[in-house]
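Novice:
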């Protein structure tokens, strides 16, 4: 057995509030990392995983205090070191890759200057040595043009490339321990596996130990040797990756595995719709774009229809035009050409020219509930306003209806007196949904409403959507980049790429092979709960990409 | 997120807890000044126009606590009255400038496009005039009266308020909750009053404090130049100007009103700084 590199023993971290009361956010956590081994810390937001990983570098965020326990790196205690000693440790022995590389790079310096900064200022390497080392790392990370990419500025490379460059920055001084904090969460699904693959290769080749922090169990299955499951700062379960995935002991772990973004085993079978009704929404040959005369085309010749009581999923990577399509249907943006029909009647492009009843039928649920709810309005007002606006309810009726609505989205009625900041992320998303429901619409456009949520909470929201549909006969236009979510709840699906719908139809037909190359690429990017999945997926991905480019 | 019951008692005790020594002194002084302004006629020991001695620039004595002015009137009574006039004018000016500036600023942000650029460019043009020059020209050509003075300074201040409130509103207009109101079909009035205003109230309150200070300094400067408040009325600026001779005789008579202006301006700044720092600390706590 390899000798243990990092030992964390009985670690506890507290935050202090104004009254100097301590609240434990990490409670008595112990684990060991052996050299050349990857351990994953997994849990939802607020589970303390980032706090623990930062403690391994002897760092506590402002307001946090490491109250108990010890951290040993190579038998040396990290927590008792002075700031000066820590400075030589950080960035050299232990390095850190943050979630958003775009926010961590300085836009005014070339990439090379930033990647080689640490070894040069610590005089570990000469400029020339550092540059050569960086180029070697770029090659290893499979970046394009490894000998010239370092001369570019951060905005001149893609998000996935930047994330890999950040890993190069972390690896340049040959650290003993690499901490990866949700390194692929901000990336597109199709780039995610590519980045994951190069991280895995890098760790293996250099025999570095790593701590991988994430909320997505299916990702971790590909890279980690051991998994530590956390909840609210408390140790839930620890074991090898195979143990955790194939034989979880705790209920929480089981729930995590169930909610992971994996493809459902059975796709919803299409039912035969014999009676020809008019569609609820019929998008006819819409083209739209941005700029003064909409000259930058974002959506091109799109046709789409939504029947009453049915869910249509729209998937695609960022920049594929799926949100723009949602905005056009809701009237937030007028199309350049084409039109949207509601119940067989054409809708005006601009919101100001639509009637109140037309507006009421189509509601929009936003992605980020924390910016979609006015922080200065109580929940009662947020939910009550659409009722008063569309249905002219009195104050008393509104109060009654708001309470009913809160019950419908499974929130306690006392919440009507709270402000949005006093709710958790999942609760806010329920309020966000409830606001759309308050108008009693026929269609709700859900724009990535589960993307910012933890997997378990997202699953709950999806369940809620489904039960509301059964109860009220709503239609949903479900916009997302996650094909697994769409496959789970939609009846029909439209795949968008570069502003065009490249394939649409019933879920079963679209997602059952053989399908369009791009759909296959998206399908291929959904991690599976198998430890040997990644390598095969990357090879397939490259073949598909080559084919797509040829088309 | 820790929830607490919000009643006025706990919120006051929380404010008291957050006070820094500087903020505490500033607030105390500002309250004192406001009380003096409110109750000036009852607080002043003498009639401010009454000539009490034949001596100009008499040093402080038991009878005349701050001595006499250039005509032998009681300086303390004149100072108390001056505070009242200055505060009243400054408050009126700031209110007027905020009503106009915030209104136009929110309007420009809410409508955007051509309306926004027209209002903003006109405002930029006005901003490019040095404030004092503009005031001198207008007051000289219209003659100095109360109304002219108030509207001129309010107008100049408005251009500054416009910029701040427009910038605030533009940032709020792009938030998803405003978009949610737009997609609901809400009118501009609702969006401005219910979505934008409540979210900009704290920075606007701080801006109010700063503009109020500027208004005090501006009136005092104009009065000092002889274009502001005209005798027999007097404000703090007039007091500094008419007692300037005292310095030649080695007396401090006009230092007192000058110090009062400075003290009000400094306290207001310290108070506003504290307010802003506190609200931004609160905000990060909420997030």
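Residue numbers (the working numbering), protein chains in the order written: chain A, 287 to 837; chain B, 4 to 290.
For every residue, glycine included, the Cβ atom is placed at its ideal position computed from N, Cα and C.
1) Verify the CB distance criterion: does residue 702 (chain A) have a CB-CB separation below 8 Å to chain B?
2) Output needed for residue 762 (chain A): all residues of its chain with C-beta closer than 6 Å, excluding positions within five of it in sequence on either side, in chain order.
3) For residue 301 (chain A), which residues in chain B fall below 7 Å Cβ to Cβ?
4) Tell me, please, whether the CB atom of residue 629 (chain A) is closer than 8 Å to any CB atom in chain B?
5) Please determine, among A:440, A:420, A:441 and A:317, the residue with the shortest C-alpha to C-alpha distance to residue 455 (chain A).
6) To the nearest angstrom, report how far apart residue 222 (chain B) and residue 268 (chain B) are at their CA atoms.
7) Is there at least one Cβ from chain B nearer than 8 Å to residue 558 (chain A)'s Cβ?
8) Could you check whether residue 659 (chain A) and residue 180 (chain B) sit closer than 8 Å to each other, using their CB atoms as the reference points?
9) Below 9 Å on C-beta distance, what does residue 201 (chain B) contact in chain A?
10) Touch check for the stretch 44-64 of chain B and the stretch 250-262 of chain B: three-plus C-beta pairs under 8 Å?
11) Taking its Cβ as the centre, do 16 or more other Cβ atoms sit within 10 Å of residue 441 (chain A), making it buried, or is it exposed?
12) Do we get a CB-CB distance below 8 Å when we pair residue 351 (chain A) with the residues of chain B?
13) Just to confirm the assignment: which complete alpha helix (DSSP H) runs, minimum length 4, are found wholly within the stretch 391-436 of chain A?
14) Spatial neighbours of residue 521 (chain A) within its chain, please: C-beta separation below 6 Å, excluding the five flanking residues on both sides.
15) How about residue 734 (chain A) and residue 765 (chain A): are their beta carbons less than 8 Å apart?
16) Taking its Cβ as the centre, do 16 or more other Cβ atoms sit within 10 Å of residue 702 (chain A), making it buried, or is it exposed?
17) Could you compute how far the alpha carbon of residue 794 (chain A) sits from the alpha carbon of residue 428 (chain A)?
18) Might you give, ordered along the chain, the residues of its own chain that have their beta carbon closer than 7 Å to the beta carbon of residue 491 (chain A), omitting 5 neighbours on each side?
19) List the whole-angstrom C-beta distance separating residue 466 (chain A) from residue 498 (chain A), where the pair is believed to meet the contact cut-off of C-beta under 8 Å.
20) Three or more C-beta pairs closer than 8 Å, one from the stretch 186-202 of chain B and one from the stretch 103-123 of chain B: is that the case here?
21) Determine the extent of the beta strand (DSSP E) in which residue 525 (chain A) is found, giving its start and end residues.
22) Scan the stretch 183-194 of chain B for residues whose Cβ lies nearer than 9 Å to a Cβ of chain A and list them as they occur along the chain.
23) Between residue 672 (chain A) and chain B, is any beta-carbon pair separated by less than 8 Å?
24) Using a Cβ-Cβ cut-off of 8 Å, state whether residue 179 (chain B) counts as contacting chain A.
25) Could you tell me whether any Cβ in chain A is nearer than 8 Å to the Cβ of residue 198 (chain B)?
26) Report the residues of the stretch 755-768 of chain A with a CB closer than 9 Å to any CB of chain B, ordered along the chain.
27) Relative to the C-alpha of residue 451 (chain A), which residue among A:600, A:461, A:435 and A:714 is closest?
28) Going by DSSP in three states, residue 386 (chain A) sits in which element: helix, strand or coil?
29) Using the Cβ count rule (16 or more neighbours within 10 Å means buried), how would you classify residue 143 (chain B)?
30) Spell out a yes or no on whether the stretch 346-357 of chain A and the stretch 527-535 of chain A are touching, meaning 3 or more CB-CB pairs, one atom from each, closer than 8 Å.
31) Evaluate residue 373 (chain A) with the Cβ neighbour count: other Cβ atoms within 10 Å of its Cβ, from every protein chain shown; 16 or more gives buried, anything less gives exposed.
32) Please tell me whether residue 614 (chain A) and residue 585 (chain A) are closer than 8 Å, where the distance is taken between their beta carbons.
33) For residue 313 (chain A), write down the residues that DSSP places opposite it in a beta bridge.
34) To the nearest angstrom, report how far apart residue 175 (chain B) and residue 740 (chain A) are at their CA atoms.
35) Looking at residue 637 (chain A): is its Cβ nearer than 8 Å to the Cβ of residue 177 (chain B)?
Specialist: Per the coordinate set shown:
1) The residue labelled residue 702 (chain A) in the question sits at position 416 within the first chain. Nearest CB-CB separation between residue 702 (chain A) and chain B: not below the 8 Å threshold.
2) The sequence position of residue 762 (chain A) within the first chain is 476, counting from 1. Hits under 6 Å: 597, 730 and 732.
3) Here residue 301 (chain A) refers to the residue found at position 15 of the first chain. In chain B, no part has a C-beta under 7 Å from the C-beta of residue 301 (chain A); the shortest such distance is about 11 Å.
4) Working through the first chain from its first residue, we reach residue 629 (chain A) at position 343. Contacts with chain B at 8 Å (Cβ-Cβ) do not include residue 629 (chain A).
5) One-based indexing of the first chain puts residue 455 (chain A) at position 169. Cα-wise, what sits closest to residue 455 (chain A) is A:420.
6) Position 219 of the second chain, counted from the first residue, corresponds to residue 222 (chain B). Position 265 of the second chain, counted from the first residue, corresponds to residue 268 (chain B). Going by C-alpha positions, residue 222 (chain B) is about 13 Å away from residue 268 (chain B).
7) Residue 558 (chain A) sits at position 272 when you count from the first residue of the first chain. Its pLDDT being 49, under 50, residue 558 (chain A) is placed unreliably in this model, and the value from its coordinates should be taken loosely. With 8 Å as the cut-off, residue 558 (chain A) does not count as an interface residue toward chain B.
8) Against the second chain, residue 180 (chain B) aligns to sequence position 177. Against the first chain, residue 659 (chain A) aligns to sequence position 373. Contact: yes.
9) Here residue 201 (chain B) refers to the residue found at position 198 when the second chain is read from its first residue. Within 9 Å Cβ-Cβ: 660, 661, 662 and 663.
10) The stretch 44-64 of chain B is in contact with the stretch 250-262 of chain B.
11) Here residue 441 (chain A) refers to the residue found at position 155 of the first chain. By the C-beta density criterion, residue 441 (chain A) is exposed, having fewer than 16 other C-beta atoms within 10 angstroms.
12) Residue mapping note: residue 351 (chain A) aligns to position 65 of the first chain, counting from 1. No, no contact with chain B.
13) Here the runs fully enclosed are 397-401, 403-407 and 413-426.
14) Your numbering for residue 521 (chain A) matches position 235 in the first chain. For residue 521 (chain A), same chain residues with a beta-carbon under 6 Å away, outside a window of 5 residues either side, are 315 in chain order.
15) Taking the first chain and counting its residues from 1, one reaches residue 734 (chain A) at position 448. Taking the first chain and counting its residues from 1, one reaches residue 765 (chain A) at position 479. In this structure, residue 765 (chain A) lies closer than 8 Å to residue 734 (chain A) by Cβ.
16) Residue 702 (chain A) sits at position 416 when you count from the first residue of the first chain. By the neighbour-count criterion, in which 16 or more other beta carbons inside 10 Å mark a residue as buried, residue 702 (chain A) falls on the buried side.
17) Translated into the one-based positions of the first chain, residue 794 (chain A) becomes position 508. Translated into the one-based positions of the first chain, residue 428 (chain A) becomes position 142. Rounded to the nearest angstrom, the two C-alpha atoms are 36 Å apart.
18) Start at 1 with the first residue of the first chain, and residue 491 (chain A) comes out as number 205. Excluding positions up to five away in sequence, the list reads 426.
19) On the first chain, position 180 is the one that residue 466 (chain A) refers to. On the first chain, position 212 is the one that residue 498 (chain A) refers to. Indeed they touch by this definition, with Cβ atoms about 5 Å apart.
20) Remark: three or more beta-carbon pairs, one from each stretch, lie closer than 8 Å, so the stretch 186-202 of chain B and the stretch 103-123 of chain B are flagged as touching.
21) Along the first chain, read from residue 1 onward, the residue named residue 525 (chain A) stands at position 239. From DSSP, the beta strand (DSSP E) with residue 525 (chain A) extends over 520-526.
22) Of all residues in the stretch 183-194 of chain B, 183, 184, 185, 186, 187, 188, 189 and 193 have a Cβ within less than 9 Å of some Cβ in chain A.
23) To locate residue 672 (chain A), count along the first chain from 1; it is residue 386. Cβ-Cβ to chain B under 8 Å: yes for residue 672 (chain A).
24) The count along the second chain starts at 1 and reaches residue 179 (chain B) at position 176. By this cut-off, residue 179 (chain B) is an interface position.
25) For the purposes of this step, residue 198 (chain B) is taken as the residue at position 195 of the second chain. So yes, residue 198 (chain B) belongs to the interface.
26) Cβ contacts with chain B: none found.
27) As a working mapping, residue 451 (chain A) is identified with position 165 in the first chain. When each option's Cα is compared against that of residue 451 (chain A), the closest is A:435.
28) Position 100 of the first chain holds residue 386 (chain A). Residue 386 (chain A): coil per DSSP, three-state reduction.
29) In the second chain, the residue the question calls residue 143 (chain B) occupies position 140. Answer is exposed; the Cβ neighbour count stays below 16.
30) Output reads no: the stretch 527-535 of chain A does not touch the stretch 346-357 of chain A.
31) Your numbering for residue 373 (chain A) matches position 87 in the first chain. Exposed: under 16 other Cβ atoms inside 10 Å.
32) Within the first chain, numbered from 1, the residue matching residue 614 (chain A) stands at position 328. Within the first chain, numbered from 1, the residue matching residue 585 (chain A) stands at position 299. Result yes, Cβ atoms of residue 614 (chain A) and residue 585 (chain A) sit closer than 8 Å.
33) One-based indexing of the first chain puts residue 313 (chain A) at position 27. In the DSSP output, where bridge partners are listed per residue, residue 313 (chain A) has A:520.
34) Stepping through the second chain from its first residue, residue 175 (chain B) is reached at position 172. Stepping through the first chain from its first residue, residue 740 (chain A) is reached at position 454. Cα to Cα, the separation comes out at about 27 Å.
35) Within the first chain, residue 637 (chain A) is the residue found at index 351, counting from 1. Within the second chain, residue 177 (chain B) is the residue found at index 174, counting from 1. Contact annotation: residue 637 (chain A) and residue 177 (chain B) have beta-carbon atoms that are not nearer than 8 Å.
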